[in-house]
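One structure below.
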Amino acid sequence: MKFTYQFSNLLGSVYKKGNIVFTPDGNSVVSPVGNRISVFDLKNNKSRTLPIETRVNITCTALSPDGRTAIVVTEEGEGHLISLVSQSVLGTHHFHHEVHQVKFSPDGKKFAVTRDTVVQVFHAPGKTCEFNPFVLYRTFSGHVDDVVSIDWSSDSRVLCSGSRDRRTRVIAAQRLKNLNIYDLGGLRDTVVGAFFEERSLDIYSVAKDGYVFVWKSDTQLNDLQAWEEKSSEDMEDVDDSEVKSPKKRKKQKNQEEETAVSRIFYTSGGKFSYREARKGSEYAELTSTCFHKSSHVLISGFSDGTFFLHEMPGFSLIHSLSISEQSVDSIAINNTGDWVALGCGKLGQLLVWEWQSESYVLKQQGHFNDMTCVTYSPDGQNIVTGGGDGKVKVWNSMSGFCFVTFNEHTGEITGVKVTQNGRSVLSSSIDGTVRAFDLTRYRNYKTFTSPKPDQFSCLAVDGSGEIVCAGGTNEFLIYVWTMKTGRLLQTLAGHEGPISALDFSQSDSVLASGSWDKTVKFWNIYEQGGRRETIELNSDVMSLTFRPDGRELAVATLNAQITFWDTNSCQQKGAVEGRHDLGYGRKETEKISGKTSAEGKSFESLCYSADGECILAAGRSRNVCIYSIADQLLMKKFVISCNHSLDGMEEFLDKRKMTEWGSLALVDTGQSDGDKAIALPGVKKGDHSSRYWKPEVRVYSLHFSPTGRSWVACTTEGLLVYALDHSLVFDPFELEIDITPSSVRSTLMQGNYSAALMLSFKLNEEIVILEVLESIPVSSAENIIENIPDMYVDKLLSFVGQVIESSAHLEFYLHWLLPLLTRHGPKLKERSQMIMPSLRTLQRNLTRKYEDLQKISDHNKYTCQYLLALSQLKTKLANQETDTAHSESEEEVPWHVESSDESMDYATLE
4 MKFTYQFSNL LGSVYKKGNI VFTPDGNSVV SPVGNRISVF DLKNNKSRTL
54 PIETRVNITC TALSPDGRTA IVVTEEGEGH LISLVSQSVL GTHHFHHEVH
104 QVKFSPDGKK FAVTRDTVVQ VFHAPGKTCE FNPFVLYRTF SGHVDDVVSI
154 DWSSDSRVLC SGSRDRRTRV IAAQRLKNLN IYDLGGLRDT VVGAFFEERS
204 LDIYSVAKDG YVFVWKSDTQ LNDLQAWEEK SSEDMEDVDD SEVKSPKKRK
254 KQKNQEEETA VSRIFYTSGG KFSYREARKG SEYAELTSTC FHKSSHVLIS
304 GFSDGTFFLH EMPGFSLIHS LSISEQSVDS IAINNTGDWV ALGCGKLGQL
354 LVWEWQSESY VLKQQGHFND MTCVTYSPDG QNIVTGGGDG KVKVWNSMSG
404 FCFVTFNEHT GEITGVKVTQ NGRSVLSSSI DGTVRAFDLT RYRNYKTFTS
454 PKPDQFSCLA VDGSGEIVCA GGTNEFLIYV WTMKTGRLLQ TLAGHEGPIS
504 ALDFSQSDSV LASGSWDKTV KFWNIYEQGG RRETIELNSD VMSLTFRPDG
554 RELAVATLNA QITFWDTNSC QQKGAVEGRH DLGYGRKETE KISGKTSAEG
604 KSFESLCYSA DGECILAAGR SRNVCIYSIA DQLLMKKFVI SCNHSLDGME
654 EFLDKRKMTE WGSLALVDTG QSDGDKAIAL PGVKKGDHSS RYWKPEVRVY
704 SLHFSPTGRS WVACTTEGLL VYALDHSLVF DPFELEIDIT PSSVRSTLMQ
754 GNYSAALMLS FKLNEEIVIL EVLESIPVSS AENIIENIPD MYVDKLLSFV
804 GQVIESSAHL EFYLHWLLPL LTRHGPKLKE RSQMIMPSLR TLQRNLTRKY
854 EDLQKISDHN KYTCQYLLAL SQLKTKLANQ ETDTAHSESE EEVPWHVESS
904 DESMDYATLE
């Protein structure tokens with residue numbers, strides 16, 4: 004098995020905090036998600052998360068005008084220069100203060116940063132020959148409170164800054180004769196946004212209390228004059244007396260500056276209030292704003308979830324909409340002015356609204372609370388998640404978008420399963436119901452309940468999809484229903500504690516149940532007796548799962564051990580001690596060390612790999628471990644997050660937070676020395692009612708893809724997807740010294756197609772295999788496949804299943820697949836467990852191609868029908884017009900004929 008899994012994408016979390024921005028082409032939205040950056044491609048309907056992490060959450064984001072680089076700043080004031088081409092960090096710079104906004108100049112040569120009460124202007128990276136990418140150009144002070152907004156003029160020579168001191172300042176980024184610094188007051192609250200008009204020095208200042216001030220300048224942008232520095236020759240002509248008189252020089256300099264400032268004036272061009280636009284509705288604070296210069300559209304978002312579009316400078320209302328009941332934290336507009344992006348941090352919601360057609364371009368929202376469970380569909384195309392908000396969401400694994408949400412549950416989701424045919428999703432909840440959802444019509448078509456109200460903690464579905472089981476926490480019972488009628492078949496009793504885990508064996512439909520009573524029981528629900536065997540353990544059962552072939556059971560217990568049991572003999576085959584692999588992490592408010600805190604941690608989720616050789620395990624830790632079952636050794640450890648904004652990341656006490664009264668975190672909570680903030684073993688969530696609470700890093704659930712190419716983890720930050728590294732090209736198979744790309748190509752040129760194909764698989768370079776395969780005539784495919792050895796049959800099936808996803812030669816590869824599956828069908832069935840990932844990949848990609856072609860065919864069909872109906876209608880109308888004209892001509896024809904006959908007779912007589 005390969006262990007080159009790398010972070011691929013982040014699902015289930017689209018926006019946390021900070022500002023969202025559009026790419027320069029206007030087709031993608033860049034959104035900060037915790038300490039990561041996600042890019043949503045609106046044109047191709049895909050999302051991707053950059054494999055870059057910062058130490059804490061990101062608050063500011065800025066893109067260069069060419070779209071190649073980005074600057075992100077974290078909560079701690081640490082800036083990162085990121086290349087969007089190579090997706091890597093090029094440099095870092097610590098601003099040592101909170102940064103509210105970063106913005107590039109329109110010409111891309113500089114960028115401005117609002118740091119504390121000053122504005123700093125840096126040279127843009129790559130524009131100067133400096134080793135340090137953050138080269139400071141100038142620092143502008145003058146505000147007495149934090150600067151929260153900034154904007155550049157169209158020629159990149161002037162800045163305007165808005166602050167919490169209720170002032171807007173006009174700053175010359177370059178030395179100008181007729182402009183230095185100009186203060187604009189009059190606002191009664193914090194300046195949320197200050198913007199220049201396009202190719203003008205006119206300014207719009209938007210305050211937090213909902214007032215907009217328009218400032219008119221008496222000077223045009225083109226009239227600004229650059230400062231001319233005196234040359235060395237001019238300096239030599241200066242009188243020695245002036246050089247030796249510093250007071251005189253200082254007085255002359257002040258006079259020049261006063262003259263420079265007095266040459267430009269601002270006058271009030273209007274004062275507008277959003278109270279009139281809101282038409283008497285309840286007062287709400289203005290939280291975010293954005294201005295599109297070319298179309299003169301001002302967009303403002305409020306704390307009650309509404310946003311307005313006004314045309315400036317007349318403040319004419321164009322459009323208004325209420326998107327939620329929570330605050331709009333960030334607003335952005337694309338270069339054409341058609342799409343407006345809105346971010347709501349409390350809901351984790353990201354919207355892209357096309358205001359002219361009044362339609363959604365993108366509407367995504369993650370789970371309000373943490374995700375609790377996850378599962379793949381059998382074809383690996385969809386991912387189903389359940390959350391603490393009682394919602395079940397279905398995500399497309401290719402695009403990364405959620406396409407359906409089921410919100411019928413009223414309590415936390417504790418388990419989700421997809422039937423083997425992939426048509427139904429089942430979910431269990433602590434609200435006492437198990438619900439079945441149809442993935443074709445997107446509806447809840449069945450609901451399973453218990454005779455007495457009970458909270459269901461786990462869920463299991465057999466391989467046929469006909470039997471549904473759920474474990475209770477109140478009565479310690481297992482309920483068994485039938486999918487056809489929804490009737491309760493039987494109730495399994497025997498456990499003396501809450502049921503914590505259930506799983507069905509896919510080979511003989513045996514049900515395994517684990518409980519906090521330190522036992523695992525096997526049930527045969529098709530027999531009259533029911534219970535078969537009982538396994539006694541040393542600790543409470545947290546999770547269990549069957550191997551794909553059903554011959555082995557893995558059990559995770561509260562003492563951080565994983566034990567493996569033979570399902571036929573119920574004998575233990577091995578065990579893994581995982582306490583040290585979980586890692587040592589202490590909470591910020593705990594008074595114990597990380598090693599002591601780790602004694603209460605355990606694995607809470609298990610999942611076998613597709614081939615059954617390895618097992619994934621994770622729990623209350625930032626580590627996900629892969630163990631080899633045969634060797635009972637740790638093969639690899641994945642660190643899911645390095646975000647220190649989450650709790651449980653530190654192993655030791657941070658000395659920087661120590662004060663004379665003790666730890667700063669404990670001082671903030673108001674706890675006394677006698678209070679003990681130690682979580683009990685098995686606790687899954689912190690105390691949300693406490694005065695000081697931070698989300699704790701942990702993994703709630705794991706699941707391997709049926710194809711074996713990826714796995715997902717439900718974490719505090721969202722749904723993390725890890726996939727195999729496709730950049731690993733050289734992975735040879737039975738390679739010999741004389742097997743080279745040139746020898747493979749020479750064999751192919753000689754017409755020995757079968758030998759060339761096997762040599763390319765031995766070399767195992769995708770480019771060479773693709774070249775050889777597509778060079779072989781289709782007529783020779785059947786003969787080659789009939790005589791190829793079995794080991795190369797599996798490799799060919801796996802390669803074709805992967806390449807068919809992105810190749811345009813669909814019919815060509817289908818001609819290879821048909822004889823491959825028909826000629827070697829019986830042998831493939833015998834080793835189906837070994838090649839199951841390849842078959843799953845093939846099924847997923849063929850299904851996707853089929854759906855895409857079906858959509859294109861339907862679109863063409865309906866378009867042709869529309870055009871045909873339109874042409875028939877036009878023909879019918881033309882015929883009606885012709886008939887009308889013909890009838891009118893028939894009424895006039897006798898007079899013309901008669902006159903013509905008379906003229907003919909008259910000519911004949913003459």
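First residue of the sequence shown? That's 4 in our numbering, and the numbers climb one at a time after it. We put the CB at the ideal spot given by N, CA and C, even for glycine.
- Secondary structure note for Leu353: its beta strand (DSSP E) is the uninterrupted segment 352-357.
- Under the DSSP assignment, Glu789 falls outside any beta strand (DSSP E), being part of the alpha helix (DSSP H) whose first and last residues are 784-790.
- Taking 8 Å as the upper bound for CB-CB distance, Ile326 and Leu354 are in contact here, some 6 Å apart.
- Within the DSSP secondary-structure output, Gly346 pairs in a beta bridge with Ser333, Leu353.
- In this structure, Arg167 and Cys645 do not form a Cβ contact; the two beta carbons are roughly 32 Å apart against a cut-off of 8 Å.
- Remark: C-beta atoms of Val17 and Thr26 do not approach each other more closely than 8 Å.
- The C-alpha of Val803 is placed about 28 Å away from the C-alpha of Leu619.
- For Pro35, the enclosing beta strand (DSSP E) starts and ends at 31-36.
- When C-alpha distances from Lys274 are compared across Lys219, Trp230, Glu79, Leu312, the shortest belongs to Lys219.
- Cβ-Cβ distances below 7 Å link Ile643 to Arg625, Val627, Val702, Ala716, Thr718, Leu723 in the same chain, with the five nearest sequence neighbours on each side left out; the list follows chain order.
- A residue is called buried when at least 16 other Cβ atoms come within 10 angstroms of its Cβ; Asn541 does not meet this threshold and is exposed.
- Contact check for Ser841 against Asp793 fails: the beta carbons are separated by 8 Å or more.
- Going by DSSP, Val771 is part of the alpha helix (DSSP H) stretching over 769-778.
- Glu415 is a Cβ neighbour of Gly393, given a cutoff of 8 Å.
- Taking 3 residues as the shortest admissible run, the stretch 490-562 contains the following complete beta strand (DSSP E) segments, listed from N- to C-terminal end: 491-495, 502-507, 514-518, 522-526, 534-539, 544-549, 555-560.
- Restricted to the stretch 571-643, the beta strand (DSSP E) segments that are unbroken, complete and at least 3 residues in length are 575-580, 606-611, 617-622, 626-631, 636-642, listed in chain order.
- Rounded to whole angstroms, the Cβ separation of Leu727 and Ile386 is 17 Å, and the two are not in contact under 8 Å.
- DSSP, read as helix, strand or coil, puts Ile838 in coil.
- Contact between Glu808 and Asn848 is confirmed by a C-beta separation of about 4 Å, below the 8 Å threshold.
- In this structure, DSSP gives Leu799 a helical state, which the three-state scheme calls helix.
- Sequence-distant Cβ neighbours of Pro35 in its own chain, meaning closer than 6 Å and more than five residues away, are Gly21, Ile61, Thr64.
- Glu81 is bridged by DSSP to His97.
- Fewer than three Cβ pairs drawn from the stretch 739-746 and the stretch 646-655 lie within less than 8 Å of each other, which leaves the two stretches out of contact.
- In the three-state reduction of the DSSP assignment, Ala115 falls in the strand class.
- With respect to the 8 Å criterion, Ser303 and Val150 are not classified as neighbours on the basis of their beta carbons.
- Each residue's CA atom was taken as its position, placing Glu79 and Gly351 some 22 Å apart.
- DSSP, reduced to helix, strand and coil, places Phe815 within a helical segment of the structure shown.
- Looking from the CA of Arg550, the closest CA among Asp614, Ser605, Thr592 belongs to Asp614.
- Look at Tyr853 here: in three-state DSSP terms it is helix.
- Segment contact: the stretch 856-866 against the stretch 557-572, fewer than three CB-CB distances shorter than 8 Å; contact not assigned.
- According to the DSSP assignment, Phe764 belongs to the alpha helix (DSSP H) that extends over 756-766.
- Per DSSP, reduced to three states, the secondary structure at Gln458 is coil, with no helix or strand assignment.
- Gly474 is positioned such that its CB atom lies no closer than 8 Å to that of Gln509.
- For Asn790, the closest of Val781, Met761, Phe815, Glu814 by C-alpha to C-alpha distance is Met761.
- Sixteen is the threshold: when 16 or more other Cβ atoms of the shown chains lie within 10 Å of the Cβ of Tyr816, as they do, the residue is buried.
- With fewer than 16 other Cβ atoms from the protein chains shown falling within 10 Å of its own Cβ, Thr443 counts as exposed.
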